[in-house]
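Q: Sharing a structure with you now.
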Amino acid sequence: MNSVTVRVPAKVNLQLAVGPLRDDGFHDLVNVFHAVSIFDEVTAVAETGMRVRVEGESADQVPEDADNLAIQAALALARHAGRTYGVSLVIRKSIPVAGGMAGGSADAAAALVACNELWGLGLPAEDLMEIAADLGSDVPFALLGGTAVGTGRGEQLTPLRAGGTFHWVFALADGGLSTAKVYAECDRMREAVGEKVAWPRASDPLLAALREGNAKALGAELANDLQPAAVLLRRSLARTLDAGREHGALGAVVSGSGPTCAFLAESEAHAAELALSLRGAGVARDVITAHGPVPGPTVV
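Here the sequence shown is numbered in the UniProt record's numbering, starting from 1 and rising by one per residue.
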């Protein structure tokens, strides 16, 4: 086999509960992940050495060197196998870059799957998950897909069954937001008001709405502890969120560390109407629709 192409979805955080800052600089999280139908494609081609090329949406904002998480994933897989391998990775971007939808993590997960197949390693999912957890907090879910609750740094996953398909509208912002800066601002804001940060836990009403496939109930429970920090760093997000609510979204939330805003719709038709209204309101660089949950990385 000379090449393998893997399609991998973006994620939206239905709930992101951020616990106190730990001694290691991380936070304990409760993260309800939901994979949605916005996809990157990663093609792995057998070659000597390791290299990566990025094409598509905001490709110029993605590193094409050792800082690229997909290359780091390929190197980690080779080390795990105890062999020297080469690969050329071509990443075709549709997931927003630095948009809070785990595009880099998705590409790393796709690279693990593609290289495992390309190199004929035959490693089980458990091994890939172990490597993924070392690469980043969102990479294990990117490897899993569907819907799941993540704990710890987000890497300890419990899959969930959703009782139906949910329809989404995503408002994309100009430029990205640094995840590290958003977390730092969250900590600063909490310290400034003397907030006693509670231990994070999953919302029972949110999990029940997922199980029942109840979009209206789910929309009312969408929550993100990073949202105030993201809005403070990017004031225009408040207007975007308000516009979605005013135009009939069942729920509105900043996805992850932002700046992408996610809006839950009643149906596919309602999502199309909401997207049209948001485009007309001029509150985003672009507006796209998607549905979820969808499976994780798939060889195409």
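We put the beta carbon where it would ideally sit given N, CA and C, even for glycine. None of the values given here were measured: they were computed from a predicted structure.
(1) Buried or exposed: where does residue 180 fall if 16 or more other Cβ atoms within 10 Å of its Cβ makes it buried?
(2) What are the start and end residues of the alpha helix (DSSP H) that includes residue 118?
(3) For a minimum of 3 consecutive residues, which ranges assigned as the beta strand (DSSP E) are wholly contained in the region 142 to 223?
(4) Between residue 191 and residue 69, what straight-line distance do the alpha-carbon atoms span, to the nearest angstrom?
(5) Might you give, ordered along the chain, the residues of its own chain that have their beta carbon closer than 8 Å to the beta carbon of residue 1, omitting 5 neighbours on each side?
(6) Does the distance from the C-beta atom of residue 109 to that of residue 139 stay below 8 Å?
(7) Determine, using beta carbons only, whether residue 284 and residue 240 come nearer to each other than 8 Å.
(8) List the endpoints of the continuous alpha helix (DSSP H) containing residue 80.
(9) Residue 168: buried (16+ other C-beta within 10 angstroms of its C-beta) or exposed?
(10) Please list, in chain order, all residues of the same chain as residue 6 whose beta carbon is under 6 Å from its beta carbon, the five residues on each side excluded.
(11) Hey, is the region 57 to 65 in contact with the region 95 to 106, meaning 3+ C-beta pairs nearer than 8 Å?
(12) Can you tell me whether residue 221 is buried or exposed? The criterion is at least 16 other CB atoms within 10 Å of its CB, across all chains shown.
(13) Find out if the Cβ-Cβ distance for the pair residue 35, residue 145 is shorter than 8 Å.
(14) Quick check on residue 124: buried or exposed, where buried means 16 or more other Cβ atoms within 10 Å of its Cβ?
(15) Considering only C-alpha positions, which residue in the set 266, 148, 227 and 238 is nearest to residue 219?
(16) Quick one: is residue 293 buried, meaning 16 or more other Cβ sit within 10 Å of its Cβ, or exposed?
(17) By Cβ distance, which residues of its chain are closer than 8 Å to residue 149, with the 5 residues on each side in sequence left out?
(18) Output the distance between the C-alpha atoms of residue 282 and residue 76, rounded to the nearest integer angstrom.
(19) Can you list, in chain order, the residues of its chain whose CB lies under 6 Å from that of residue 165, leaving out five sequence neighbours each side?
(20) Would you check if the distance between the CB atom of residue 229 and the CB atom of residue 259 is smaller than 8 Å?
(21) Short check: CB of residue 8 to CB of residue 142, under 8 Å?
(22) What residues match up with residue 43 in a beta bridge as DSSP calls it?
(23) Apply the 10 Å Cβ neighbour rule to residue 147 and answer buried if 16 or more other Cβ atoms are within range, or exposed otherwise.
(24) Between the alpha carbons of residue 74 and residue 87, how many angstroms are there, rounded?
(25) State yes or no: is the C-beta of residue 198 within less than 8 Å of the C-beta of residue 287?
(26) Quick one: what does DSSP say residue 277 is sitting in, helix, strand or coil?
A: By the coordinates alone:
(1) Numbered from 1 along the sequence shown, position 180 holds the residue referred to as residue 180. Around the C-beta of residue 180, fewer than 16 other C-beta atoms lie within 10 Å, and the residue is accordingly described as exposed.
(2) As a first step, residue 118 must be located in the sequence shown, where it is residue number 118. Unbroken alpha helix (DSSP H) run through residue 118: 103 to 118.
(3) Listed in chain order, the complete beta strand (DSSP E) runs (minimum 3 residues) inside the region 142 to 223 are 147 to 151, 156 to 160 and 166 to 172.
(4) Taking the sequence shown and counting its residues from 1, one reaches residue 191 at position 191. Taking the sequence shown and counting its residues from 1, one reaches residue 69 at position 69. Whole-angstrom Cα-Cα distance: 32 Å.
(5) What you label residue 1 is simply residue 1 of the sequence shown in a count that begins at 1. Hits under 8 Å: 46, 117, 118 and 120.
(6) Here residue 109 refers to the residue found at position 109 when the sequence shown is read from its first residue. Here residue 139 refers to the residue found at position 139 when the sequence shown is read from its first residue. A contact, by the Cβ cut-off of 8 Å.
(7) Stepping through the sequence shown from its first residue, residue 284 is reached at position 284. Stepping through the sequence shown from its first residue, residue 240 is reached at position 240. Yes, the Cβ-Cβ distance between residue 284 and residue 240 is below 8 Å.
(8) On the sequence shown, residue 80 is found 80 positions in, with the first residue counted as 1. Counting along the chain, the alpha helix (DSSP H) containing residue 80 begins and ends at 69 to 81.
(9) For the purposes of this step, residue 168 is taken as residue 168 along the sequence shown, with counting starting at 1. Burial call: buried.
(10) The sequence position of residue 6 within the sequence shown is 6, counting from 1. Cβ within range, chain order: 42, 110, 113, 114, 297 and 299.
(11) Between the region 57 to 65 and the region 95 to 106 there are three or more inter-stretch CB-CB distances shorter than 8 Å, so the stretches are counted as touching.
(12) Here residue 221 is taken as the residue at index 221 of the sequence shown, counted from 1. Answer is buried; the Cβ neighbour count reaches 16.
(13) Along the sequence shown, one-based indexing puts residue 35 at 35. Along the sequence shown, one-based indexing puts residue 145 at 145. Cβ atoms of residue 35 and residue 145: closer than 8 Å.
(14) As a working note, residue 124 is residue 124 in the sequence shown. The C-beta of residue 124 has fewer than 16 other C-beta atoms within 10 Å across all chains shown, which makes the residue exposed.
(15) Within the sequence shown, numbered from 1, the residue matching residue 219 stands at position 219. Measuring from the Cα of residue 219, the nearest candidate turns out to be 266.
(16) Along the sequence shown, read from residue 1 onward, the residue named residue 293 stands at position 293. Around the beta carbon of residue 293, 16 or more other beta carbons lie within 10 angstroms, which makes this residue buried.
(17) Numbered from its first residue, the sequence shown carries residue 149 at position 149. These residues qualify, in order along the chain: 30, 31, 32, 33, 157, 158, 160, 202 and 207.
(18) In the sequence shown, counting from the first residue as 1, residue 282 sits at position 282. In the sequence shown, counting from the first residue as 1, residue 76 sits at position 76. One C-alpha to the other measures close to 43 Å.
(19) Sequence index remark: in the sequence shown, residue 165 carries index 165 (1-based). Around residue 165: 291.
(20) Residue 229 sits at position 229 when you count from the first residue of the sequence shown. Residue 259 sits at position 259 when you count from the first residue of the sequence shown. With respect to the 8 Å criterion, residue 229 and residue 259 are not classified as neighbours on the basis of their beta carbons.
(21) Your numbering for residue 8 matches position 8 in the sequence shown. Your numbering for residue 142 matches position 142 in the sequence shown. A contact, by the Cβ cut-off of 8 Å.
(22) As a working note, residue 43 is residue 43 in the sequence shown. The bridge partners DSSP lists for residue 43 are 5 and 90.
(23) As a first step, residue 147 must be located in the sequence shown, where it is residue number 147. Result: buried.
(24) Translated into the one-based positions of the sequence shown, residue 74 becomes position 74. Translated into the one-based positions of the sequence shown, residue 87 becomes position 87. Cα-Cα distance, rounded: 8 Å.
(25) Taking the first residue of the sequence shown as position 1, residue 198 is located at position 198. Taking the first residue of the sequence shown as position 1, residue 287 is located at position 287. Their beta carbons are not under 8 Å apart, which means residue 198 does not touch residue 287 by this criterion.
(26) In the sequence shown, residue 277 corresponds to position 277, counting from 1. Secondary structure at residue 277: helix, using DSSP grouped into helix, strand and coil.
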